[in-house]
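Structure first, commentary second.
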Amino acid sequence: MFTEALPERMDVKGVTIDLLVRGTGRPLLYLHAGDGVDPSDPFIPLLAQHFKVYAPSHPGFGGSDLPRTFGSVDDLAYFYLDFLEALDLRDVVLVGSSFGGWLAAELAIRGTGRFSHLVLADTWGAKFDSSEGTGITDIFSTPMADLPGLLFADAAKGMKAFGNLEFAAMPEAAVTRFARNREALTLLAWSPPFHNPRLTNWLHRIDIPTLVLWGAGDKVAPVSYGRRFAAAISGARFETIADAGHYLAMEQPEKFTDVISAFTNDAVQQRGAA
Amino acid sequence: MRTWLFSEQQYHPAWDRVDGPLRIKQPSKVIDPNVAAALMDRYFQEWAVCDEVGIDIVVNEHHATLTCMSTSPLLSLAALARTTKNVRLLSLGTPITNRMDPLRIAEEIAMVDVMSRGRLEVGLVKGSDWELYNSNSNPVRMMDRFWEAHDFIVRALTSHEGPFAYDGEFYRYRNVNVFPHVLQQPHPPIWIPGSSAPSAKRIAELGYVAATFMSGFGAKAFFDAYRASYREAHSRPAPRDRLAYIALCVTADTEAEARARAERLRAWQYALYRLVPGTLNPPGYMSVADNVRYLRSGAATASGPVAIPTVDEMAQRGILFWGTPDMVVDQISRFHDTVGGFDHLLMQMGGQLTFEDTVDSLRLYAREVAPRLKKLTAEPATMEVPADVARRNAFR
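If you read the sequences in order, they're chains A and U.
If you want this note's numbering, it's the 1-based position in the first sequence plus 730.
If you want this note's numbering, it's the 1-based position in the second sequence plus 1420.
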């Protein structure tokens, strides 16, 4: 998530970001969750067996620049439109986890022309009730020591993924990435908390095969929230994965990869048959 | 030296009746409004004594907390403008990063300055980390928001030639036109609290009063940074009245009674640290570099109760002045000389001190302590804003 630096730097219209590219085959753009992405994340080599994986650090996260004029998820969505154009990626499998799922949905409502499939894993971004809040746990009110256990179904696995929160034992650069991730996430998701109140106006615009994946043990956003997200996207499939929490890809990397691989193959066949 | 009473309009009757944090999460039903009204009466009676004996008054604001019922210092000061006649009235302060309408703040400043016939002093503060959960304002870029709000308020207070439009990064107004305008020209004295050398530098450049809270002898580094930066920015030594120190302070006729009062005042420190763990230091409240240092220190993930120093430890560190008048004069004089001098002592009172404790201590202090601290001020106090700063503010 933040342990290692990403190996490549890329300039997109004056904004320099960190980027990880792994594997060959169909392009897959992975948009990371609030705690970032790095080459040691267990799902990266697995996805790379099926896809050419592009895993950037969002502007402001990891070692990526944050222009002073960027201040909302809209800015990141338009940035990724520039990114896709700069690399001229087409037929992209767009995958987003948690905050990255919100970002992926924001990209998809702006036009699906460059995407073949959309996978939203334990995503944020929408509010379905007019009552109090979104139903998403306020991670900004959670003591840091409790975060790994909140984000993972298995608290011990979570602590391991976060280096047991032993920041004194980590390289300073890794702690800096951790702190930058949290600050950028706060800038973008503090208020309205974890969502764009207008996103539900536009989810009908998503017209590609969509899979909404959910950790059955997600303690941040409940499975019921995931079902409502899937119901708001025409034809979207909803699946849960056992023994996984909010950071599904980190906790069940094999299942995460298998489900995405099967979905993209099935959906291609379905589309070909139609 | 001027002395100010700083008390937070606390609701202490509930402190022992509730478990856990006193801030943010307690239900408001733990407050009995009639008891709250009686406490407000008590605080206004204490302030009446201040007005009588020449101790200036400081009020602040917090939200959803049993340690402070004041939700807007300018509201309290509007009342104090009419219930007092003599003393100066300081808001320390308005958290301009949280209250998202600086035009209303400028209007209220001007109104209270007029109502008090120019006795208002204005503190502008960043605000505590947990306050962001009440205001919902973003912790990230909050100091950018602070300085934009500051610049705007000063401009709004000092513009008298008709309305102007304002279009900033965080705030936008079609028609800025503050009626009435401030009585003190170009604007009431401005205070900004801080604790680090970089913050002292910026406050010094603006020529404002720099206040530091409970820093103990560490205040010297903050004051030294202010003095050096002031001399560099204004080509003259910093007037002593630009430096303020906030500490616990209580006195009594006998040492035994003073120690009993100091213990009751120390209860304030326990109340202060009854915080909601998840609301401390949200990302962005500190810079990334400071957060990296904080994380690597282990403090972010530490657990367990905060250790509150004893009365003697607090006195040794310079965060509590207590004792008979002789003892208090000695302690304040030694602290004053060690940190290089300052002209405002803000006495934090409260905790489990009773009304009688408080009023007796205030009267004794005014009679026996304050006159003997006058010799600590070698130069006349001047509260006007230096001409160069006034010009800069007026034409910003």
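Every residue, glycine too, gets a C-beta built ideally from N, C-alpha and C.
- For the pair of segments examined, the segment 912-929 of chain A was found to touch the segment 793-805 of chain A: the number of CB pairs separated by less than 8 Å reaches three.
- Cα atoms of R1647 of chain U and A1682 of chain U: separation of roughly 32 Å, rounded to the nearest angstrom.
- The bridge partners DSSP lists for M1706 of chain U come to none.
- One thing to note: H976 of chain A has its Cβ within 8 Å of the Cβ of A951 of chain A.
- In the DSSP annotation of this structure, the continuous segment of the alpha helix (DSSP H) that includes P878 of chain A starts and ends at L877 to L881.
- Counting other Cβ atoms within 10 Å of its Cβ, T1674 of chain U stays below 16 and is therefore classed as exposed.
- Within 10 angstroms of the beta-carbon of P1600 of chain U lie fewer than 16 other beta-carbons, which makes it exposed.
- From the beta-carbon of A1720 of chain U, the residues of chain A found nearer than 7 Å are M874.
- Here the segment 1719-1729 of chain U does not lie against the segment 1660-1680 of chain U, with fewer than 3 beta-carbon pairs under 8 Å apart.
- Fully contained in the segment 1454-1493 of chain U are the following beta strand (DSSP E) runs of length 3 or more, in chain order: 1476-1479.
- In terms of CA proximity to R1737 of chain U, U:L1668 leads the group U:L1668, U:E1568 and U:F1642.
- If only uninterrupted alpha helix (DSSP H) runs of at least 4 residues are considered, those enclosed by the segment 1606-1656 of chain U are 1617-1626 and 1639-1654.
- Boundaries of the beta strand (DSSP E) harbouring G945 of chain A: T940 to G945, taken from the DSSP string.
- C-alpha of G1718 of chain U to C-alpha of G1698 of chain U: approximately 16 Å in a straight line.
- No Cβ of chain U is located within less than 8 Å of the beta carbon of L833 of chain A.
- DSSP, read as helix, strand or coil, puts L1700 of chain U in coil.
- One thing to note: E1466 of chain U has its Cβ no nearer than 8 Å to the Cβ of T1744 of chain U.
- Taking 8 Å as the threshold, the shortest C-beta distance from T1699 of chain U to chain A falls below it.
- Counting only Cβ-Cβ distances below 7 Å, S770 of chain A has no contacts in chain U at all, with the closest Cβ about 19 Å away.
- Between the alpha carbons of V1507 of chain U and R1422 of chain U lies a gap of roughly 10 Å.
- Judged by pairs of C-beta atoms under 8 Å, the segment 1535-1554 of chain U touches the segment 1511-1519 of chain U, as three or more such pairs exist.
- Along the segment 955-976 of chain A, none of the residues has a CB nearer than 8 Å to a CB of chain U.
- DSSP, read as helix, strand or coil, puts F986 of chain A in helix.
- Contact holds between the segment 1572-1585 of chain U and the segment 1606-1626 of chain U, because three or more Cβ pairs, one in each stretch, are under 8 Å apart.
- Distances from the CA of D821 of chain A to each of A:S846, A:G831, A:L811 and A:H780 were compared; the closest alpha carbon is that of A:S846.
- Around the CB of N1556 of chain U, fewer than 16 other CB atoms lie within 10 Å, so the residue is classed as exposed.
- Of all residues in the segment 1690-1715 of chain U, only P1697, G1698, T1699, P1702, P1703, G1704, V1708, N1711, V1712 and L1715 come within less than 7 Å of chain A when Cβ atoms are compared, listed by chain position.
- Closer than 8 Å to the CB of S871 of chain A there is at least one CB belonging to chain U.
- For the 8 Å CB-CB criterion, A1617 of chain U and A1645 of chain U form a contact.
- Of the other Cβ atoms in all chains shown, fewer than 16 fall within 10 Å of the Cβ of Y1693 of chain U; this residue is therefore exposed.
- Taking 8 Å as the threshold, the shortest C-beta distance from A909 of chain A to chain U falls below it.
- In terms of Cα proximity to E1776 of chain U, the closest of U:R1754, U:T1671, U:L1603 and U:W1550 is U:T1671.
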